[in-house]
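From first to last, the protein sequence lines are chains A and B.
For the first sequence, my numbering begins at 1 and goes up steadily by one.
For the second sequence, my numbering begins at 1 and goes up steadily by one.
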Amino acid sequence: MTDPAARIMTRGLRTSVAALLGLAGVYVLAIRFTPVEARQGMAQKIFYLHVPAAWCALLGFSLVGIGSALYLWLQDPRLDRFAAASAEVGVVFAGVMLTTGPIWAKPIWGTWWTWDARLTLTLFLFFLFVGYLALRAALHDPAERARFSAVVGILGMLLVPFIHLSVYLFRTLHPQPIVLKPSAPSLPPEMLRTLLLSMAVFTLLYIGLVMLRYGLAMAEAREEGGDVT
Amino acid sequence: MPETLRLALAVAGKDIRAELRSRTALLSAIVFAALVLVVFNFARDPTALSAADLAPSVLWVTFALAAMVALNRAFTIEREHGALDGLLLAPLPRSALFGGKLLANLAFVGTVEAVTLPLFVLFFNVDLRAALPGILGVTVLATIGFVSVGTIFSAMAVRTRFAELMLPVLLLPFMVPPLIGAVQVTARLLAGRPMSEMLGWLRLLALYDVVFVTLCTMVFPAVVDE
């Protein structure tokens, strides 16, 4: 257990397993011990997965942007590896967000998808980072891959406000934020508790998966003959 | 700054001369744009949707696809025979090199757009006379935005496998804000709406240009320097 890559991967695996157990707890809590929403019924339960997944996807993508900017400045390969790991995990969470959303929207809105500002923004974020990963996969030289993907990461971070601005002018159907809003949260305390617990569990899962992927990237870098720090 | 501009113009001049001598890429891009316009005509049911309603989006989808084809070429010519190494060894700042490639791409995409616009009037039977200055203005604003991002991505895409596929996958999300803005402004221009209804979109387009031209100039060295 002296190999740093294996050590990080073991820690990542333990964290992920703990988070998955926590996730099972969240299911039990959401279905058995949290009140059923009066108008939406059981469909509302998906909220405890959808919102935390969206939070983790946005967290992952923001950290890709920050990691990319820092990489171009400091030229530390660890930052590139972190950005790559975060992008991959972010895409997975974005996938969860983009599948749970329509499942909820069909019974509640009567349609799977709508070109609402928020939906469009997150869909394009997803495309942007799929492109980021495709670019990484299409480059062989580790230094070149790191520089190019950092450029895409930075430009992507600055694209977000523009997409948001340009699609915001369409009328919005998506529920407005209920936790992070200027006045007090309007969610009943039991629902808020389940949501916050679920967000904590998802964040832990994000950390665990990024650690796993980061350790794997370290091992890959060693295979490619790069310096491993 | 005038020195940087002079060097940028020299780089752009070189690209434009090289293009004018062969003309293959320019002609192919124009034919491609014309074909896209023709195909659109078969994809619409004229009894259900009038040409004028569809016109703004057809125009901009055609411009976007033609620009993509044109941008794919931008660094391919530098890659052949190691020409990019020569440019990088030349005593000119990276910002001038980026500016030059951007100007050459703008000239290239602009030419394709200039030929496509009359064809669009012809095929879709829209009356552009009143809206023409406005359409030219919004075309310049939107084109600068996506061509600057496209120039950076084109420089990266030529280094990858599947270069022709990589550019659209990377660039299309970045084309969304300029395209939405341009389509909205074009639709209002064709409908003869007052300027006040377009001002917000024009500001968004101008802001996009300022942010992305600046940013692309700043990150360009990371794309070309080893």
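Where is the CB? At the ideal position from N, CA and C, for every residue including glycine.
Would residue i count as contacting chain B if we go by Cβ distances under 8 Å?
i	result
F148(A)	yes
E223(A)	no
S166(A)	yes
L212(A)	no
G131(A)	yes
L128(A)	yes
F124(A)	yes
A134(A)	yes
R171(A)	The predicted model places R171(A) with a pLDDT of 45, which falls under 50 and marks its position as unreliable, so this point remains unresolved.
A138(A)	yes
L79(A)	no
F93(A)	no
F82(A)	no
V152(A)	yes
W104(A)	no
E88(A)	no
Write down the C-beta distance between residue i and residue j rounded to the nearest angstrom, noting that I regard them as a contact closer than 8 Å.
i	j	result
F146(B)	F108(B)	That pair is no contact at about 13 Å.
G67(A)	G90(A)	The pair is not a contact, with the Cβ atoms about 11 Å apart (cut-off 8 Å).
Y214(A)	F93(A)	Not really, about 16 Å apart at Cβ, beyond 8 Å.
P56(B)	A187(B)	4 Å
P177(B)	S166(A)	4 Å
F63(B)	I152(B)	Their Cβ separation, rounded to whole angstroms, is 19 Å, which puts F63(B) and I152(B) out of contact at 8 Å.
M166(B)	A134(A)	7 Å
A221(A)	P77(A)	7 Å
L171(B)	V140(B)	About 19 Å separates the two Cβ atoms, so there is no contact after all.
Under 8 Å between C-beta atoms, does residue i make it to chain A?
i	result
F162(B)	yes
M156(B)	yes
R17(B)	no
R79(B)	no
L88(B)	no
L215(B)	yes
A222(B)	yes
L170(B)	yes
R159(B)	yes
For residue i, which residues from the same chain have a beta carbon less than 7 Å from its beta carbon, with the 5 sequence-adjacent residues on both sides left out?
i	result
V69(B)	A29 and F32
A8(B)	A96, G99, G100 and L103
Please work out which residues of its chain come closer than 6 Å, Cβ to Cβ, to residue i, disregarding the five sequence neighbours upstream and downstream, and give them in chain order.
i	result
P168(B)	M68
V96(A)	A53
T100(A)	I46, L49 and H50
W115(A)	none
L59(B)	F120
M9(A)	L212 and G215
V64(A)	A83, S86, A87 and G153
Flag residue i as yes when its Cβ comes closer than 7 Å to any non-hydrogen atom of the ligand COA, and as no otherwise.
i	result
R188(B)	This structure lacks the ligand COA, and indeed carries no ligand of any kind.
Identify, in the order they occur along the chain, each residue of the same chain with its Cβ nearer than 8 Å to the Cβ of residue i, setting aside the five sequence neighbours on each side.
i	result
L88(B)	L97, V224 and D225
Within 8 Å, do at least three Cβ pairs link the region 12-24 of chain B to the region 160-170 of chain B? Counting C-beta pairs with one atom in each stretch, the region 160-170 of chain B and the region 12-24 of chain B have fewer than three that are closer than 8 Å, which means they do not touch.
For the 8 Å Cβ check, are there 3 or more pairs between the region 78-98 of chain B and the region 45-52 of chain B? With contact defined as three or more Cβ pairs closer than 8 Å, the region 78-98 of chain B and the region 45-52 of chain B are not in contact.
According to a CB-to-CB cut-off of less than 7 Å, which residues of the region 174-199 of chain B neighbour chain A? The residues in question are F174, V176, P177, I180 and G181.
With three or more C-beta pairs closer than 8 Å as the rule, is the region 33-42 of chain B touching the region 115-127 of chain B? The way I'd put it, the region 115-127 of chain B does touch the region 33-42 of chain B; three or more beta-carbon pairs between them come closer than 8 Å.
With three or more C-beta pairs closer than 8 Å as the rule, is the region 112-122 of chain A touching the region 26-43 of chain A? The way I'd put it, the region 26-43 of chain A doesn't touch the region 112-122 of chain A; fewer than three beta-carbon pairs between them come closer than 8 Å.
Under 7 Å, CB to CB, which of the residues in the region 46-75 of chain A have a partner in chain B? Residues of the region 46-75 of chain A whose Cβ lies closer than 7 Å to any Cβ of chain B, in chain order: L72.
Touching by the beta-carbon criterion (3+ pairs, under 8 Å), the region 147-157 of chain A and the region 63-77 of chain A: By the C-beta criterion, the region 147-157 of chain A is judged to be in contact with the region 63-77 of chain A, since at least 3 inter-stretch pairs fall below 8 Å.
Any residues in the region 142-153 of chain B with a beta carbon nearer than 7 Å to a beta carbon of chain A? Which ones, in chain order? Close to chain A, meaning a Cβ-Cβ distance shorter than 7 Å, are the following residues of the region 142-153 of chain B: V149 and I152.
Does the contact criterion of 3 or more C-beta pairs under 8 Å hold for the region 127-135 of chain B versus the region 188-196 of chain B? With the cut-off at 8 Å, the region 127-135 of chain B and the region 188-196 of chain B touch.
Say whether the region 26-33 of chain A touches the region 195-204 of chain A, bearing in mind that this needs 3 or more beta-carbon pairs closer than 8 Å, one atom from each stretch. The way I'd put it, the region 26-33 of chain A does touch the region 195-204 of chain A; three or more beta-carbon pairs between them come closer than 8 Å.
Cβ-based contacts, 8 Å cut-off: residues of the region 109-122 of chain A near chain B: Within the region 109-122 of chain A, no residue has a Cβ that lies closer than 8 Å to any Cβ of chain B.
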